[in-house]
Each structure stands twice: as structure tokens, then as C-alpha cells.
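Respectively, the protein sequence lines represent chains G and D.
Using the working numbering, the letters of the first sequence map in sequence onto residues -2 to 264.
Using the working numbering, the letters of the second sequence map in sequence onto residues 3 to 199.
Using N, Cα and C, we set each Cβ at its ideal position, and we do this for glycine too.
Everything numeric in this text was worked out from a predicted model, so none of it was measured.
Shown next, in C-alpha cells, is the structure this report addresses.
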Amino acid sequence: MNFIALGYTDLIIASLLLLFSGLLSVYLRLGMERQIGIAALRMVVQLFLIGMVLKFLFALVSPFWTGIAALIMLGLAGREIMARQKRRFRGWWGYGVGTSSLMISCTIVTVLALTTQIRPDPWFDPRFAIPILGMILGNTMNGVSIGLDRLLSTAVDDRAGIEARLALGQDRTQAFQPLVRDSVRAGLIHIINSMSAAGVISLPGMMTGQILAGIDPTEAVKYQILIMFLIAGSTSLGTLIAVVFASRRLSDSRHRLRLDRLGETRA
Amino acid sequence: MLSISNLSGTGIGPINLKLANGDVVAITGPSGAGKSLMLRAIADLDPNQGELLLDGAERTTFHAPDWRRQVAYVAAETSWWAQRVGDHFEENDAAIRLLEQVGLGEAAMEWSIPRLSTGEKQRLGLVRSLLGKPRVLLLDEPTSALDEANRGLVEDLLRKRADEGCAIIIITHDPAQAERLKARTYAIAGGKIEAIP
């Protein structure tokens, strides 16, 4: 291993590039210098904080604190999904549909990876559990959020089509089937593109990180392939659960379309 | 055959109405009076309260899709999901026979949905619903975009279905159409219906 540790001077030199972005904004009158500054400051503070939290968690190796960290990550990801919806369910359903889908899919896939493939000792060792969950969660969140957004928007736009199918005696599963298919497809495009581009157009972040940390590239590749499979599995499962769950919530036990359960359109 | 008691929902009710086999009921009234809402509530497409019996059986004893196959609602603007007309019909031979009765031939099966006129969509929508052999037909202005000749064909088909025992509730702004269909006429205002002598 020939890991090169970075000093604060190295970070300050890199930050000069950000200064260049700011100057460009002033020169071209983009009016973005404030935004660039705030975003950069947020990034630095957030990453230092998470660095400290991870150090604390790694030192404890406690199932309780690892679980709490995982729950916080899932909760924040659920909030992000809700914030990205143009249309969302009224009340707690707006938060609950995406968050519960994430919890189910990410928990199943992360626990499966930790117990059957990576096998750290103990299996919940936060040095493995938290980064693996983070990578799976970030990507599943994208799939779930795109899938949900597509389903809810299309249900509103295609109201007449759904009701025509219901009026002809189709049940809600049949009436929603084209929308469910289309929404799951939309949610999966991102991960399919990522897999297709991996290693050719882009070098995935985790693999790059491991190589920089001195790991043999062939070993780093194996880890990356594993992560890609986990992400694909979790994204498929999470998106499917979210879309099916939402389609059930958009209808009732009498197989009626219930757009009244959606709130106002957000800009 | 169809008994409606105290049917109410958003913007309608209470509505009471009884239809025997072969009865035709025409509903008339200004826009926004609740005509379409009434038909949608009978088809159980919107949340509503009240008792609806089909041959003495309460609608909640039916699986909702079964109810809608027996009590078929045809919207004023029909909606389509496939590109080709024929892809919306399960029984091709029966569909072709019905298409001919409403002035559209077998060729219509191959037509593309985006090129259909409103009148063609109306007739195709009716054919699509009739294929399920419903006991009750709920028709929301089914001939509003048709010329006189095609309107006559549709009315002949409806009258024939009524003679075979199908009960029909039709929304129309044309008193002469109600007469031609030998319909009992009701006016709807503020979501409530009243018989027109």
C-alpha cells in the first residue's frame, strides 16, 4: 500500500480552483459567487462532520449506534425523495411511500451483502456497513424518486385513460399496469447507464478511491462490480416497491382512481 | 333491475331512481348540474354513498370491476391507450359486427387512434363498452359529435339493446332524442333529479 495522506495545505491549493469559479461568476456577471461560496462551505463542513461521526462510529463498533446512523441516513434520503416530487401524496403518505420503499430495499440488500459476500466481523461493523449502505442508498434514492415522480405525474395526465380501463371492468392492477411499467423503467435507466458507462466513460468513485488508497486495481474492480450489482438490485427492488405501493395508494378497495389523495402541484 | 336509493356524493344527491329491464332514462340539465357525476357515481368511479341494487344484489357484494362490467359507463370523451383501434377489442368478430351497426366497417379495426374524429371515437367507445354485454348502460352524451345519419344508427342500436333487456341511462340535451329512444325523462339541477312529465 502506498497511500498518500493529504495535508490541509493541499486542500487550500485545490480550493484556489473554486476561487477561479467565483471570479468567473463576477467577471461574467453570473451572480453565482455567493451560491458557489455557500455550497463549498456546506460541503467542507458537512464532510468534516461526517468524518468525525464516522470516526466515532468506527471506534464504537456498536450495533445500536450503527443502526441509529443507518436510520438517520434512510430518513434523510426519504425526505430528499419527497422534496423531488412534483406531485406528492397528502400528509404522511408523501414521506412514507418513498421512505418505506428505501428502508425495505436498502436494508435487505445491505444486510445480504454484509452477511454473505463481504462478511466483516462482526457483520454490522460500521466501517463496512455505513459506506456500503451509503452507496446503495444514494443510488436507490434516485431510482425511487424518478419512478415515483413519473407515476404520480402520469396518473394525473392520463386520468381519462386509467378511468376508461376501470370503467371497462379492469381491476386497479390492470388499469395501472402501463404506468407501473413505464415508471419502473424510468427509475432504472440511471443504473443501467451507470453500469454501461462504468470503466469506459467513467471510473466509478469507490473504485477510484480504493486505487488512490493503494489497493490493487483488480481488487478494486471486484469491489466495484459487487457494489454495482448491489446498487442495481436495490434500485430495482426499491423502485418496484415504491411504484406499486404508490399505485395502490392512488386507488381504493373499490378500484377507483383517487387523485384526491394527491396534494397540489409544486413548481 | 337497477334500484338507486339515496345516492349522494360530491356535487350530487340524494338521487332515487328505479329502472326495469329495457328501461331507457334520459337525463337533461345545464352544464355543471351533476349529470356526469351522477353516472360516475352509479358506475362507482367516484366515492359515494347510497344503496345501489342490481337484480336485488347490493353493489358492495360485487367485486368493483364486475359491477362496472355489468353497469358500464361510457364517458363523453372516450380515452384510448393503444395506437391501433383493434388493439382495444378482445373479441374481433363481435367488434366488427357492432362496428358495422354504427356505420364503421371492419377497416376501422386497423385505424390509428390519433387520426380518429370525435364522432368516430364516440361510436368506437360505445362499441367497446357493448362488447362486455352490460346489463345497464350509462351514456354521457354519446351522440353529441355525430351527424344525423350516424346518430340514427347509434339510436337504433341503443333501442335494439333496450328491447333485448338492457337498461340505459343517457345524458342528452335533445328532447327529440329522448322521444325517439322512448325514454322517461328527468331533469337534473343542483345534483338532484326530477321527473319531467
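Using three-state DSSP, classify residue i as helix, strand or coil.
| i | result |
| --- | --- |
| G/A66 | helix |
| D/E92 | coil |
| G/I277 | Examination of residue 277 of chain G is not possible in this model, given that chain G is present from -2 through 264 alone. |
| G/L73 | helix |
| D/E60 | strand |
| D/D142 | strand |
| D/I190 | strand |
| G/F86 | strand |
| G/L259 | strand |
| G/I186 | helix |
| D/P32 | coil |
| G/Q167 | coil |
| D/N23 | coil |
| G/I133 | helix |
| G/V177 | helix |
| G/I35 | helix |
| G/A195 | strand |
| G/L3 | coil |
| D/Q85 | coil |
| G/V58 | coil |
| D/P16 | strand |
| D/A169 | strand |
| D/G11 | strand |
| D/E108 | helix |
| D/E53 | strand |
| D/S119 | coil |
On the CB-based measure, 16 or more other CB atoms within 10 Å of its CB, does residue i come out buried or exposed?
| i | result |
| --- | --- |
| G/A80 | exposed |
| D/E143 | buried |
| G/R162 | buried |
| G/A67 | buried |
| G/Y5 | exposed |
| G/I3 | Sequence inspection shows Leu at residue 3 of chain G; the Ile mentioned does not correspond to that position. The residue in question, G/L3, is exposed, as its Cβ has fewer than 16 Cβ neighbours within 10 Å. |
| G/M40 | exposed |
| G/M49 | exposed |
| G/A36 | exposed |
| D/D46 | buried |
| D/T62 | exposed |
| D/S131 | buried |
| G/Q82 | buried |
| G/L165 | buried |
| D/P116 | exposed |
| D/G105 | buried |
| G/F86 | buried |
| D/A151 | exposed |
| G/D146 | buried |
| G/S244 | buried |
Report the residue from the options whose alpha carbon sits nearest the alpha carbon of residue i.
| i | options | result |
| --- | --- | --- |
| G/L259 | G/G34, G/L57 and G/G88 | G/G88 |
| G/A56 | G/F86, G/G28, G/L234 and G/F121 | G/F121 |
| G/S180 | G/G140, G/L25 and G/I101 | G/G140 |
| G/L237 | G/L254, G/S199 and G/G184 | G/G184 |
| G/A172 | G/L8, G/R255 and G/G19 | G/R255 |
| D/I198 | D/S10, D/T12, D/I29 and D/L4 | D/I29 |
| G/L99 | G/L44, G/A74, G/Q114 and G/R116 | G/A74 |
| G/E216 | G/A243, G/R245, G/L20 and G/I115 | G/I115 |
| D/A109 | D/R86, D/G121 and D/T120 | D/R86 |
| D/A180 | D/A151, D/G192 and D/T145 | D/T145 |
| G/K219 | G/L209, G/M204, G/G211 and G/T151 | G/M204 |
| D/L118 | D/D68, D/T80, D/K135 and D/P136 | D/T80 |
| D/S5 | D/D95, D/V129, D/I14 and D/I44 | D/I44 |
| G/I1 | G/I208, G/R263 and G/G235 | G/I208 |
| D/P177 | D/I171, D/I170 and D/A185 | D/A185 |
| G/A239 | G/S18, G/R182, G/M70 and G/A157 | G/R182 |
| D/L183 | D/K194, D/R161 and D/R71 | D/R161 |
| G/T262 | G/H252, G/L149 and G/R253 | G/L149 |
Problem - the region 24 to 36 of chain D contacting the region 118 to 137 of chain G, beta-carbon criterion three pairs below 8 Å - result: Contact fails: fewer than three Cβ-Cβ distances are below 8 Å.
Exercise for the section: Could you please tell me which residues of the region 76 to 95 of chain D, in chain order, have their CB closer than 8 Å to any CB of chain G? Expected result: Correct list: V76, A77, E79, T80, S81, W82 and W83.
Exercise for the section: Assess, as a yes-or-no matter, whether the region 166 to 183 of chain D is touched by the region 24 to 31 of chain D under the definition of 3 or more beta carbon pairs within less than 8 Å. Expected result: Yes, since at least three Cβ pairs between the region 24 to 31 of chain D and the region 166 to 183 of chain D fall closer than 8 Å, the two stretches touch.
Exercise for the section: Residues of the region 119 to 146 of chain G with a CB closer than 8 Å to any CB of chain D: list them in chain order, please. Expected result: The region 119 to 146 of chain G vs chain D, Cβ under 8 Å: nothing.
Practice task
Taking only beta carbons into account, state which residues of the region 154 to 169 of chain G come closer than 9 Å to chain D, listed in chain order.
Solution key: Hits within the stretch, in order: D155, R156, A157, G158, I159, E160, A161, R162, L163, A164, L165, G166, Q167, D168 and R169.
Practice task
Spell out a yes or no on whether the region 148 to 166 of chain G and the region 131 to 140 of chain G are touching, meaning 3 or more CB-CB pairs, one atom from each, closer than 8 Å.
Solution key: No, they do not touch.
Exercise for the section: With 7 Å as the limit, tell me which residues of the region 234 to 262 of chain G have their beta carbon closer than that to any beta carbon of chain D; keep them in chain order. Expected result: Under the 7 Å Cβ criterion, the region 234 to 262 of chain G contributes R251, H252 and R253.
Handout entry: contact_flag[the region 218 to 230 of chain G, the region 178 to 192 of chain G] where n(CB pairs < 8 Å) is 3 or more
Key = In the pairwise beta carbon analysis, the region 218 to 230 of chain G is classified as touching the region 178 to 192 of chain G: at least three pairs are separated by under 8 Å.
Exercise for the section: Flag this pair as touching only if the region 133 to 149 of chain D and the region 70 to 82 of chain D have three or more C-beta atom pairs under 8 Å; answer yes or no. Expected result: As far as the Cβ criterion goes, the region 133 to 149 of chain D touches the region 70 to 82 of chain D, which means the pair count is three or higher.
Practice task
Return the residues of the region 13 to 31 of chain D that lie within a Cβ-Cβ distance of less than 7 Å from chain G, sorted by chain order.
Solution key: For the region 13 to 31 of chain D, which is checked against every Cβ of chain G, not one residue is closer than 7 Å.
Handout entry: Positions along the region 129 to 146 of chain D whose CB lies within less than 8 Å of some CB in chain G
Key = Within the region 129 to 146 of chain D, R130, S131 and G134 place their CB atoms closer than 8 Å to a CB of chain G, listed in sequence order.
Problem - Interface residues of the region 45 to 57 of chain D facing chain G [CB-CB below 9 Å] - result: The region 45 to 57 of chain D vs chain G, Cβ under 9 Å: A45, D46, L47, D48 and P49.
Practice task
Can you give me, in chain order, the residues of the region 172 to 185 of chain G that have a beta carbon less than 7 Å from any beta carbon in chain D?
Solution key: Taking 7 Å as the Cβ-Cβ cut-off against chain D, the residues of the region 172 to 185 of chain G that qualify are P175.
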